[in-house]
Amino acid sequence: MTQKIAIQVDDLTVAYNYKPVLWDIDLVIPQGVLMAIVGPNGAGKSTLIKAILGIIDPIAGSVAIYGEPYKKQRKLVAYVPQKGSVDWDFPTTALDVVMMGTYGSLGWIKRPGQKQKKAALEALEKVDMLSFKSRQISQLSGGQQQRIFLARALVQNASIYFMDEPFQGVDASTEIAIINILKELRKAGKTVVVVHHDLQTVPEYFDWVTFLNVKKIATGPVKDIFNDDNLTKTYGINYKVAVNK
Amino acid sequence: MSNPQIEIQLIAALVAVSCAIPGVFLVLRKMALISDAISHSILPGIVLGFFITQDLNSPVLIILAAGTGIITVVLVERIQKTGLVKEDTAIGLVFPALFSIGVLLIAKNANDIHLDVDAVLLGELAFAPFDRFLLFGADLGPKAAWIMGVILLITLLLLYLFFKELKVSTFDVGLSSALGFSPAILHYGLMSVSSITVVGAFDAVGAILVVALMIAPAAAAYLLTADLKKMLWISVCFGVFAAISGYWLAHWLDASIAGSITTVLALVFLLVYFFAPNKGVLSVMYRQKQQRTEVSLLTFLLHLNNHQEEEERHINHLREHINWQQVKANTVVKLALDNNLISITNEVISLTQKGLSFTQAALEYIITNKDDKIEHLKDDFFLFRG
Ligand SMILES: Nc1ncnc2c1ncn2[C@@H]1O[C@H](COP(=O)(O)OP(=O)(O)OP(=O)(O)O)[C@@H](O)[C@H]1O
Ligand SMILES: [Mg+2]
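For the record, the sequence lines run as chains A and B.
If you use my numbering, the first sequence corresponds to residues 20 to 264, in order.
If you use my numbering, the second sequence corresponds to residues 10 to 395, in order.
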């Protein structure tokens, strides 16, 4: 394939205390894929995303976004953190949280104005949350909070989207709404990376997949590598029954 | 009011505003304790600064002492990062150590300095006007007012410039760093401002009042609003209110001004805690009681709606049929009557036209969760506020 490379990770090793939670990860993610990262709890999925985004410093290795370090490409990247990583009791409204997505393009000191507000309202509309715009965020349900975060990422108008478990605790209709938006993003040529736990839906939702468990097990097109062998290597249990029914 | 009286209130108000602003962010970052730690651990910095400058109000001393404040924060974080102890334990380890170094320094050099621990902890606002700011022989007012004025201006400027950065890094550290707003820079910026404020204010009002002025207004404001900007405004108002009214309370009681202001702060917080419109204790209790009554009323109306047979709707049978105690049944029937939802003929209850449409709208809302039909009822009905 002559596809452009969106994200390239080389020899990435990350440790919190002593033992690395990610070992020597090499990863190439082509532009325009909708990719799932799968792996058991504690496999280092969130850590991988955080390391790519420079939220934590790796002890070795490098990350390139379109050939440049992340620091230079910040504006091309949007990120939806795993739930529970923010202070839900913070005094702010849904609209305000979505507006935060525009802060990156503003840079330091400059304040958001009408243009940013309009973009935020449009994003809220897209995730069907417009009627909740003035709601304090702690008074939203888990699925609604997830939609707000998706809207916040959309408003960043990025080329690459990272989402850490966007389907965690959301109902079927929200899940479908979210995946449809993600598929739309892919259609628009964006690259979307999603930490995903529901193995059943991987073939239906994604076209690219990375198996991760401290080390990278495999990465590539779903139709080529999403098989029992890789699942077993990743999860350590035989997945035949679970996936192939 | 005499001149010193006005000056004292001015200083108190300036301190209150300067403290309230960083206080809001400390409270939101769940770092209230750190202000307490800073206010104590700056003591060695103050003493050392005093050795060097021989002037309690020198800017050099303020910078030195604020440096000790930052050292406190760094030490706490280092100890916490080892993963061996929690943050509160780390704070509890660091600041007594630094504070006692300060105490020892004072004790060893007691002859040379007119500085004592009480003065640092409690301060004496009443004396603040005696220390004048003289420039070429002209009296420009109390030094403390100038110091706090400058600190406040800096704080306001920084708040104006970095409001959005502070907001996003307080709310979501991950997003903040992903967007390129280094949480570490913002964190240490906030800590520096807090330290400088504490140092600038301690001489006038004492360390304890500084902590109270940082935390109490913000904690009270937090209960009153879900908007960060409003929270800042409310905190500032509470702070100034406590400063001025605390001054007059002290005047009237002939007591310590700092003590009186702290007392007012505590009272303000208690009042808000009980009477805040949404999150206050009484409001929550009232809402729950209302909701219980409303649920009973709805159950009652639905019962009437479901049963055409007179026997089920007989006033004396309600108790058995809906399983209520008599008192509750009476309240609910009265409530329904007062609102023209039911009528009673020959001791048999029927829904009125209004009652019928109300019941059906409510039923539809409960089943479909669509609230267009009950929109106009939201103001009266807690259950429908969604
Ligand atoms: N802040 C931290 N300090 C120390 N260890 C951490 C920290 N965060 C994560 N870890 C450890 O690193 C490993 C990887 O964590 P990570 O959050 O990346 O897992 P994950 O694959 O996202 O798991 P999950 O599916 O449960 O979200 C885990 O063993 C976890 O215990
Ligand atoms: Mg995770």
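Cβ coordinates follow ideal geometry from the N, Cα and C atoms, glycine included.
Taking Cβ-Cβ distances shorter than 7 angstroms, what residues in chain D pair up with residue 81 of chain A?
-> You won't find chain D in this structure, because its protein chains are A and B.
Helix, strand or coil at residue 87 of chain A according to DSSP, with G and I counted as helix | Taking the first sequence and counting its residues from 1, one reaches residue 87 of chain A at position 68. Residue state, collapsed to three classes: strand.
Got a sec? Which residues, its chain only, sit under 6 angstroms from residue 252 of chain A by beta carbon, not counting five neighbours each side?
-> To locate residue 252 of chain A, count along the first sequence from 1; it is residue 233. Closer than 6 angstroms at the Cβ level, and outside the excluded window around residue 252 of chain A, lie 236.
Does the Cβ of residue 188 of chain A lie closer than 8 angstroms to at least one heavy atom of ligand 1?
-> For this step, residue 188 of chain A is matched to residue 169 along the first sequence. No - ligand 1 has no heavy atom lying nearer than 8 angstroms to the Cβ of residue 188 of chain A.
Residue range of the alpha helix (DSSP H) that includes residue 42 of chain A | Reading the first sequence from its first residue, position 23 is the one you call residue 42 of chain A. Premise fails: residue 42 of chain A lies in the beta strand (DSSP E), 39-49, not in any alpha helix (DSSP H).
Quick one: measure Cβ to Cβ for residue 235 of chain B and residue 155 of chain A, integer angstroms, because I've assumed they're closer than 8 angstroms.
-> The count along the second sequence starts at 1 and reaches residue 235 of chain B at position 226. The count along the first sequence starts at 1 and reaches residue 155 of chain A at position 136. With 8 angstroms as the limit, residue 235 of chain B and residue 155 of chain A qualify as a contact, their Cβ atoms being about 4 angstroms apart.
Candidates A/119, A/62, A/162, A/219: which alpha carbon is nearest residue 245 of chain A's?
-> In the first sequence, counting from the first residue as 1, residue 245 of chain A sits at position 226. Of A/119, A/62, A/162, A/219, the residue nearest in Cα terms is A/219.
Minimum Cβ-Cβ distance from residue 93 of chain A to chain B less than 9 angstroms | For the purposes of this step, residue 93 of chain A is taken as the residue at position 74 of the first sequence. Yes, contact with chain B.
Please classify residue 367 of chain B: is it buried, with 16 or more other beta-carbons within 10 angstroms of its beta-carbon, or exposed?
-> On the second sequence, residue 367 of chain B is found 358 positions in, with the first residue counted as 1. Per the 10 Å Cβ criterion, buried.
Should residue 237 of chain B be flagged as near chain A, meaning a C-beta pair shorter than 9 angstroms?
-> By one-based count along the second sequence, residue 237 of chain B stands at place 228. Answer yes: the Cβ-Cβ gap between residue 237 of chain B and chain A drops below 9 angstroms somewhere.
Mind checking if residue 155 of chain A is an interface residue toward chain B, Cβ cutoff 9 angstroms exclusive?
-> By 1-based counting over the first sequence, the position of residue 155 of chain A is 136. So, interface residue.
Do residue 65 of chain A and ligand 1 come close, with the Cβ less than 8 angstroms from some heavy atom?
-> Here the question's residue 65 of chain A lines up with position 46 in the first sequence. Answer for residue 65 of chain A: yes, Cβ within range of ligand 1.
Look at the alpha carbon of residue 28 of chain A and the alpha carbon of residue 73 of chain A, and state the distance between them as a whole number of angstroms.
-> Start at 1 with the first residue of the first sequence, and residue 28 of chain A comes out as number 9. Start at 1 with the first residue of the first sequence, and residue 73 of chain A comes out as number 54. The alpha-carbon atoms of residue 28 of chain A and residue 73 of chain A are separated by roughly 12 angstroms.
Closer than 9 angstroms to chain A by CB, residue 188 of chain B | As a position in the second sequence, residue 188 of chain B is number 179, starting the count at 1. Closer than 9 angstroms to some Cβ of chain A, the Cβ of residue 188 of chain B qualifies, so yes.
Short-range partners of chain A found in the stretch 158-178 of chain B, where Cβ spacing is below 8 angstroms = 170, 171, 172, 173, 174, 176, 177
Fully enclosed by the stretch 248-297 of chain B, which alpha helix (DSSP H) runs are 4 residues long or longer?
-> 266-284
Does the stretch 11-30 of chain B come within contact of the stretch 83-97 of chain A, defined as at least 3 CB pairs closer than 8 angstroms?
-> no
Given a threshold of 16 other Cβ atoms within 10 Å of its Cβ, counted over all protein chains shown, does residue 16 of chain A qualify as buried or as exposed?
-> Any answer about residue 16 of chain A is impossible in this case: the structure gives chain A only from 20 up to 264.
For residue 109 of chain A, go through chain B and note every residue whose CB falls closer than 8 angstroms to its CB, in chain order.
-> Taking the first sequence and counting its residues from 1, the one referred to as residue 109 of chain A is at position 90. Neighbours of residue 109 of chain A on chain B, chain order: 37, 179, 180, 237.
Under 9 angstroms between the Cβ atoms of residue 79 of chain A and residue 146 of chain A?
-> As a working note, residue 79 of chain A is residue 60 in the first sequence. As a working note, residue 146 of chain A is residue 127 in the first sequence. The answer is no: Cβ separation not under 9 angstroms.
How is the beta strand (DSSP E) around residue 240 of chain A delimited, first residue to last?
-> Reading the first sequence from its first residue, position 221 is the one you call residue 240 of chain A. Its beta strand (DSSP E) spans residues 234-240.
Helix, strand or coil for residue 216 of chain A, going by three-state DSSP, please let me know.
-> What you label residue 216 of chain A is simply residue 197 of the first sequence in a count that begins at 1. Reduced to three states, the DSSP call for residue 216 of chain A is coil.
Closest to residue 283 of chain A by CA distance: which of A/42, A/140, A/77 is it?
-> Residue coverage of chain A in this structure runs from 20 to 264, which leaves residue 283 of chain A outside it and unanswerable.
For residue 213 of chain A versus residue 225 of chain A, is the C-beta spacing smaller than 9 angstroms?
-> Start at 1 with the first residue of the first sequence, and residue 213 of chain A comes out as number 194. Start at 1 with the first residue of the first sequence, and residue 225 of chain A comes out as number 206. Contact flag set, yes.
Taking C-beta to C-beta, are residue 218 of chain B and residue 24 of chain B nearer than 9 angstroms?
-> Taking the first residue of the second sequence as position 1, residue 218 of chain B is located at position 209. Taking the first residue of the second sequence as position 1, residue 24 of chain B is located at position 15. Against a cut-off of 9 angstroms, the Cβ pair of residue 24 of chain B and residue 218 of chain B comes out as a contact.
Roughly how many whole angstroms lie between the Cα atoms of residue 263 of chain A and residue 284 of chain B?
-> Here residue 263 of chain A refers to the residue found at position 244 of the first sequence. Here residue 284 of chain B refers to the residue found at position 275 of the second sequence. With a pLDDT of 48 at residue 263 of chain A, under the threshold of 50, the predicted position of this residue should be treated as unreliable, though the coordinate-derived value follows. So the two alpha carbons sit approximately 59 angstroms from each other.
Is there at least one Cβ from chain B nearer than 9 angstroms to residue 164 of chain A's Cβ?
-> To locate residue 164 of chain A, count along the first sequence from 1; it is residue 145. It does not: the Cβ of residue 164 of chain A has no partner Cβ on chain B nearer than 9 angstroms.
Residue 131 of chain A vs residue 173 of chain B beta-carbon contact at 9 angstroms = Within the first sequence, the letter at position 112 stands for residue 131 of chain A. Within the second sequence, the letter at position 164 stands for residue 173 of chain B. Cβ distance < 9 angstroms, so residue 131 of chain A and residue 173 of chain B count as in contact.
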